[in-house]
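First the structure, in the form of structure tokens, and then the observations on it.
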Amino acid sequence: MMAWKLLWRSWRGGQLALIFWSLVMAVVVVTAVALLADRVEKALVKESSHLLAADAQVRTSRAIPDDWLRRADDERLETVQMALFASMVYSGDNNHLAAVKAVQSGYPLRGLLTLAERPFVTTPEFFESVNHGPPAGEVWVDSRLLPILKMELGDSLEVGEVTLRVTKVIVEEPDRGGSFSLFGARVLMSWQDLNASGVIQPGSRVDYRLLLAGEDSDLASYLAWLEPQLNSHDRLLLPDEAQAGIADTLIQGRRFLILAGSLGVVLAGIALALASRHYAVGQTAAVALLKSWGLSARRVRSLYWQQTFWLALAGSLMGLAIGWLVHESLVFLVRELLPVNLPQAGWRPWLVGLATGMLCLVGFALPALWHLPSLSPLAVLRRDVPVHPVSAMKRLVIGLLVILLMLLWYSQSIALTLAILAGLVVTALAVMGPGWLLLNLARRLGNRAGSVWRLALANLWRRRGQTLVLLTGFAGAMAILMTLVMVRTTLMEQWRWQLAEDAPNHFLVNVAPHELDGVKRLLADNQLSSVGWYAMVRGRITLIDGQPPSDELVEQNNALRRELNLSWTDQLPEGNRVEEGQWWEELTHFAERHGVNVAPVSIEEDLASEIGVTLGSRLTFSVGGLTFDGVITSIRSLNWDTMTPNFYVLFPDGYLEKYPRIFMTSLYLPPEQKPFVNTLLSQYPTVLVIELDMVIERIRSMVTQVTHGLELMTLLILGCGVLVMLAAVKLSMDERLQESAILRTLGSTARRILTVQSVEFGALGALAGLLAAVGAELALFLLQRRMFEAPFGLHVELWFWGPLAGALLIGVLGVLYTHKAVRRPPLQVLGNLDI
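Under the working numbering, think of the first position of the sequence shown as 5, with each following residue one higher.
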């Protein structure tokens, strides 16, 4: 009961407000992010299943064995068989090499097929979503097949020996994605018509697929039985591997949420530590009074333990409630992120939020209060009785251990935890070393300035112990906020192409040399522009350093089993970067060393690693039966997200022009100009059009919604940062207000006092911003390298905007806090201070 009374008295006195709201903010941030991350992760797994059209998919070059199907039936799994192959299709005198997919009626097991009854429609009101394949006797086709074959819906299409009726246009398939290997127009037919078509013969190149769906336990049991039977030509595909490029945005967004939540915990912890120190100073007289009443040190410590527990419980419960509301706001912002309702979260996010509140208060508040029970009762009568609080070093170690424990448990990422801790430790070291020197330098410069600057900077130096504590709090908070803002900016840059309205969304492939000028004119007449035309020659790597690749290497690398698209250019393409070696213009004496018939080669870094080649390796290429040699002179990294043509192997001009070639490009086609595809294919039926507008729109929608969520979380963490600033400002205000009251008594004006305070806090903020940049740079280096896989560069803007923002923000907070005091009589101010 006494603990409750003391707690209520402290609350009414306003001494616990900052501690309580810092605690609530920590729990709010962690709970909101943990709830959303848990639900999004579950939804991502579910959505990935839709991208597979199943919970699992087996791909093989052989017909699905009967025992696979019987075992799946025994495990109570749903199954669908598919066969994908290229085949000529006919309509009258017209023909086309189409990408045919024969499916059983249950296709898709997960997700939906989007159809339309008019070609090239982009308005959703004309779309129809179904969860079954075409009936026997019918086919559904890509829009682009109609102008190629000069046909309309309702006409007949010959596939092998069967004639089928075209009844629907395919808008989107759940498992189709944006694969560039699919050059032919899609023809979706019923599995029942496959045998009658006679298309598949012994030796035909067919990709068979088995789709599986069911309960997790049943599926796991089946896959455990199946995997030992798969050979090197079979592949098991699970949801986390499906369309990894599309899911990357969600994964990066989730990482940012985890980072934001982790930084929010650290910020709230710093605010708690600073507020608890201020609260402990104010409790000296209260504890001495309790001791004078005869309460033992053990009883006093028990009272504060109880107060801490009830405060932690109340703050945690309120934080859980508000965190749930914030998480619902985030869900509202990302409601269109996934085409499924977000599943409910499990118990772990709630436990994480509750534990965060308890650990925060125990780790940051109790160390500051621990010395109070040992106070002498004389402290209630005499202010000169010595007080021996827990040393700053011990409190720092305890705080870091609590932060380490919470970050590891919450983020489950060693890289993130070490990056944040490294940034904080470096910032603290910068404060204690360079910070002290900068503070001394500021004092010396202030002596040469006007009276206001001299007084303000002299105050900072005179209270240098307290000033360094404030610098540590300010700099730590600013380093965290800088890290968050810069990571967010980096992600925005990575997603810039996805957000651009004019990002290329169609590829034109297989443009013959004699058609190139005509296609260019057609684009110009329709006011369309491409990203540039690239020539392509189909070639195969046959020898590496004069030796055929081993059978094992060929088996492991698809690039050695198929023809590659070879191209040439003098300029390094956009999105390409030379990681090793030299680009063409930097090469000297190449022909003298290797011969005029040997070509310089630039190869993509992943391909080079897979086939085991390095700079100087000699490759032999075969193009249409003709061979030539090349030497690797550079290794490139490629940005596959630019939606422009990329090539694994590039040559300079003058080496491939004699071989048969085709041209390709990419361009942005606005929705209202979608019928242009019909016009293009009518005039140039051999041109292949890869339509990615639906995929791009889906990605753009994802990025937009994730961005909104990131913005909200950034604002929430900025709120945590402001709490830290307030706690640090309040920590030093009693002494400052006392000095202000004395100065007013001696005749200083309120305006002059506010000017001194603004200069003092502004200088403190500028120093904190400069020192925070040091810790932020280290944290960004570790995070961008280890967590977000982004290249690191020095962030010059931090060194300019950090001190400026620190001076403005902390200066304003200090002046606002002081402003109310200078408007009251000095005697009233002195009477309200615990001095």
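Just so it is clear, CB atoms sit at the ideal spot from N, CA and C, and this is done for glycine as well.
Keep in mind it's a predicted model, so treat the numbers as computed, not measured.
Own chain, CB closer than 6 angstroms to residue i, minus 5 neighbours either side, in chain order
| i | result |
| --- | --- |
| proline 151 | Asn682, Leu685 and Ser686 |
| lysine 172 | Leu119 and Trp144 |
| valine 816 | none |
| arginine 239 | Arg63 |
| valine 203 | Ser91 and Gly164 |
| proline 135 | The question names proline, but residue 135 in the sequence shown is asparagine. Closer than 6 angstroms at Cβ, skipping near neighbours: Leu116. |
| glutamate 162 | Tyr94 |
| serine 109 | His136 and Gly137 |
| alanine 200 | Val166 |
Cβ-based neighbour list, residue i, same chain, cut-off 8 angstroms, excluding 5 preceding and 5 following
| i | result |
| --- | --- |
| valine 819 | Leu758, Gln761, Ser762 and Phe765 |
| tryptophan 413 | Val356 and Ala359 |
| asparagine 514 | Phe187, Ile666, Met668, Thr690, Val691 and Leu692 |
| valine 406 | Gly273, Leu363, Cys364, Val366, Gly367 and Phe368 |
| threonine 631 | Thr546, Thr624 and Phe625 |
| glycine 141 | Leu168, Arg169, Ser194 and Asp197 |
| phenylalanine 680 | Asn530, Leu532 and Leu673 |
| glycine 522 | Gln687 and Tyr688 |
| glutamate 567 | Arg542, Gly543 and Arg544 |
| histidine 518 | none |
| leucine 241 | Leu56, Ala60, Gln61, Val62 and Arg63 |
| alanine 563 | Ile545, Leu611, Glu614, Ile615 and Tyr652 |
Own chain, CB closer than 7 angstroms to residue i, minus 5 neighbours either side, in chain order
| i | result |
| --- | --- |
| arginine 565 | Val558 |
| asparagine 561 | Glu614 and Ile615 |
| isoleucine 402 | Gly367 and Pro371 |
| tryptophan 587 | Leu576 and Ser638 |
| leucine 234 | Leu240 |
DSSP bridge partner residues for residue i (one or two, in chain order)
| i | result |
| --- | --- |
| proline 577 | Beta-bridge pairing links proline 577 to no other residue. |
| glutamate 142 | Arg169 |
| arginine 63 | Arg213 and Arg239 |
| aspartate 529 | According to DSSP, aspartate 529 bridges with nothing at all. |
| alanine 87 | Ala106 and Tyr212 |
| threonine 118 | Ser133 and Glu176 |
| proline 112 | Answer is none; proline 112 lacks a bridge partner. |
| asparagine 650 | Answer is none; asparagine 650 lacks a bridge partner. |
| methionine 92 | Leu101 |
| arginine 80 | Note: arginine 80 sits in no beta bridge, so no partner. |
| glutamate 162 | Tyr94 and Thr167 |
| aspartate 633 | Val602 and Thr624 |
| phenylalanine 765 | According to DSSP, phenylalanine 765 bridges with nothing at all. |
Option in the options with minimal Cα separation from residue i
| i | options | result |
| --- | --- | --- |
| aspartate 211 | Ala120, Leu116, Trp309 and Ala87 | Ala87 |
| tryptophan 314 | Leu568, Ile23 and Ser91 | Ile23 |
| leucine 27 | Gly319, Leu116, Ser194 and Gln311 | Gly319 |
| tyrosine 94 | Asp78, Val170, Pro112 and Leu116 | Val170 |
| valine 84 | Leu101, Gly96, His100 and Asp59 | Asp59 |
| glycine 96 | Phe124, Leu168 and Phe89 | Leu168 |
| alanine 76 | Ala38, Leu113, Tyr663 and Leu223 | Leu223 |
| glycine 585 | Val600, Val635 and Gly550 | Val635 |
| serine 333 | Ala36, Ile418 and Ser266 | Ala36 |
| aspartate 610 | Arg597, Gly629 and Ser641 | Ser641 |
| threonine 808 | Gly550, Leu771, Gly658 and Met410 | The question names threonine, but residue 808 in the sequence shown is leucine. Comparing Cα-Cα distances from leucine 808 to each of Gly550, Leu771, Gly658 and Met410, the minimum goes to Leu771. |
| proline 649 | Thr592, Asn569, Gly629 and Glu589 | Asn569 |
| glutamate 583 | Thr637, Phe594 and Gly550 | Thr637 |
| alanine 776 | Phe804, Arg755 and Arg756 | Phe804 |
| leucine 475 | Ser133, Asp78 and Gly810 | Gly810 |
| aspartate 42 | His331, Ser133, Leu230 and Gln677 | His331 |
| alanine 102 | Leu149, Asp70, Tyr659 and Tyr111 | Leu149 |
| alanine 321 | Trp25, Leu409 and Leu230 | Note that residue 321 corresponds to leucine in the displayed sequence, not to alanine. The shortest Cα separation from leucine 321 among Trp25, Leu409 and Leu230 belongs to Trp25. |
| serine 236 | Arg66, Pro112 and Arg180 | Arg66 |
Any non-hydrogen atom of the ligand ZN closer than 7 angstroms to residue i Cβ
| i | result |
| --- | --- |
| valine 125 | Ligands in the displayed structure: none, and consequently the ligand ZN is not present. |
Query raised in the report: What are the complete alpha helix (DSSP H) segments, minimum 4 residues, inside the region 167–224?
Result: 198–201
Query raised in the report: Taking three-plus beta-carbon pairs below 8 angstroms as touching, is the region 530–540 in contact with the region 616–623?
Result: The region 530–540 makes no contact with the region 616–623, as fewer than three CB pairs between them are under 8 angstroms.
Query raised in the report: When the Cβ atoms of the region 218–225 are set against those of the region 193–210, are three or more pairs found closer than 8 angstroms?
Result: The answer is no - the region 193–210 does not touch the region 218–225, with fewer than three Cβ pairs under 8 angstroms.
**Report entry** At least three beta-carbon pairs within less than 8 angstroms, the region 317–331 to the region 25–40
**Finding:** Contact holds: three or more Cβ-Cβ distances are below 8 angstroms.
Query raised in the report: When the Cβ atoms of the region 516–530 are set against those of the region 572–591, are three or more pairs found closer than 8 angstroms?
Result: no
Query raised in the report: Which runs of the beta strand (DSSP E), 3 residues or longer, sit entirely within the region 536–611?
Result: 538–548, 568–572, 580–585 and 602–608
**Report entry** Entirely enclosed alpha helix (DSSP H) segments - the region 659–689, minimum 4 residues
**Finding:** Segments of the alpha helix (DSSP H) lying fully in the region 659–689: 680–687.
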